[in-house]
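What follows is a set of notes on a single structure, which appears directly below.
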Amino acid sequence: DAKTTQPPSMDCAEGRAANLPCNHSTISGNEYVYWYRQIHSQGPQYIIHGLKNNETNEMASLIITEDRKSSTLILPHATLRDTAVYYCIVRVGGAAGNKLTFGGGTRVLVKP
Amino acid sequence: DTGVSQNPRHKITKRGQNVTFRCDPISEHNRLYWYRQTLGQGPEFLTYFQNEAQLEKSRLLSDRFSAERPKGSFSTLEIQRTEQGDSAMYLCASSLEAGRQTQYFGPGTRLLVL
């Protein structure tokens, strides 16, 4: 699976949009971009994933560049409960995909 | 609650003792995964099952570790002769076999070896 690079930490103001970048310059054509987050002392929580099109769900939006070498997770209106470590993961899809390879993630602190 | 459940949530043991953790996946999920997470690090893959078959094991899974999923439903992870370095959060996740393979994680079992 391709390696990802994320900033180690970032702050965000409550009520504002949080834009979390991720670089995955060695991504292959059959690899998906997944985002998980982990709130302190809990298991990782799935947020969203995509292949090449932008995706949106009730939690967030995922913007993938046209060359697929980077992506941005957008939390539209950050709340204090969004404080967590956010992991960007690239993995093969379909029946061949199995384990998730976590990097260091981005520690997001939402401030009032 | 139809999510992944893990028991116990916390375990304190003395070095040299054996411990066993249980994971109940989301029903109908064929795949079950075990990860380990030490303080300040992201989770690391240990092993995974498809139904009752253990298909991949990480090099992190030493001989003291054994995982089973006897009937393709719940799974157990046993650590024999625990060491202080085994102190970590042990996470379980499950997913469908193909197509949508999003892994859903349980709350984890936090192990402290004294």
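Sequences listed follow chains Z and F, in order. Converting from the first sequence to the working numbering requires adding 7 to each position, the first position being numbered 1. Converting from the second sequence to the working numbering requires adding 516 to each position, the first position being numbered 1. Heads up, the beta-carbon is just placed ideally off N, CA and C, and yes, glycines get one too. All values reported here derive from a predicted model rather than from experimental measurement.
Suppose you measure from the CA of residue i to the CA of residue j; what does that come to, to the nearest Å?
i, j, result
"arginine 114 of chain Z", "glutamine 566 of chain F", "33 Å"
"threonine 108 of chain Z", "proline 119 of chain Z", "32 Å"
"histidine 56 of chain Z", "glycine 112 of chain Z", "16 Å"
"valine 535 of chain F", "threonine 86 of chain Z", "39 Å"
"alanine 91 of chain Z", "lysine 530 of chain F", "31 Å"
"glycine 622 of chain F", "glutamate 73 of chain Z", "34 Å"
"leucine 548 of chain F", "arginine 88 of chain Z", "28 Å"
"lysine 76 of chain Z", "leucine 562 of chain F", "28 Å"
"alanine 67 of chain Z", "arginine 597 of chain F", "44 Å"
"alanine 25 of chain Z", "glycine 110 of chain Z", "20 Å"
"proline 83 of chain Z", "proline 51 of chain Z", "20 Å"
"asparagine 30 of chain Z", "glutamine 533 of chain F", "43 Å"
Tell me, please, whether the CB atom of residue i is closer than 8 Å to any CB atom in chain Z?
i, result
"tyrosine 620 of chain F", "yes"
"glycine 588 of chain F", "no"
"tyrosine 549 of chain F", "yes"
"proline 541 of chain F", "no"
"proline 524 of chain F", "no"
"glutamate 572 of chain F", "yes"
"tyrosine 564 of chain F", "yes"
Does residue i have its Cβ less than 8 Å from a Cβ in chain F?
i, result
"tyrosine 93 of chain Z", "no"
"asparagine 105 of chain Z", "yes"
"glutamine 49 of chain Z", "yes"
"glycine 36 of chain Z", "no"
"glycine 56 of chain Z", "The amino acid at residue 56 of chain Z is misidentified as glycine; the sequence shows histidine. Closer than 8 Å: yes."
"glycine 22 of chain Z", "no"
Please state the DSSP three-state secondary structure of residue i.
i, result
"glutamine 596 of chain F", "coil"
"glycine 110 of chain Z", "coil"
"arginine 44 of chain Z", "strand"
"leucine 87 of chain Z", "helix"
"aspartate 579 of chain F", "coil"
"aspartate 602 of chain F", "helix"
"glutamate 584 of chain F", "strand"
"threonine 518 of chain F", "coil"
"lysine 527 of chain F", "strand"
"isoleucine 542 of chain F", "coil"
"asparagine 105 of chain Z", "coil"
"asparagine 37 of chain Z", "coil"
"alanine 24 of chain Z", "coil"
"glutamine 619 of chain F", "coil"
"leucine 627 of chain F", "strand"
Going by DSSP, what residues sit across from residue i in a beta bridge?
i, result
"threonine 536 of chain F", "F:Glu594"
"leucine 69 of chain Z", "Z:Glu62, Z:Leu80"
"glutamine 566 of chain F", "F:Arg547, F:Ala569"
"arginine 75 of chain Z", "Answer is none; arginine 75 of chain Z lacks a bridge partner."
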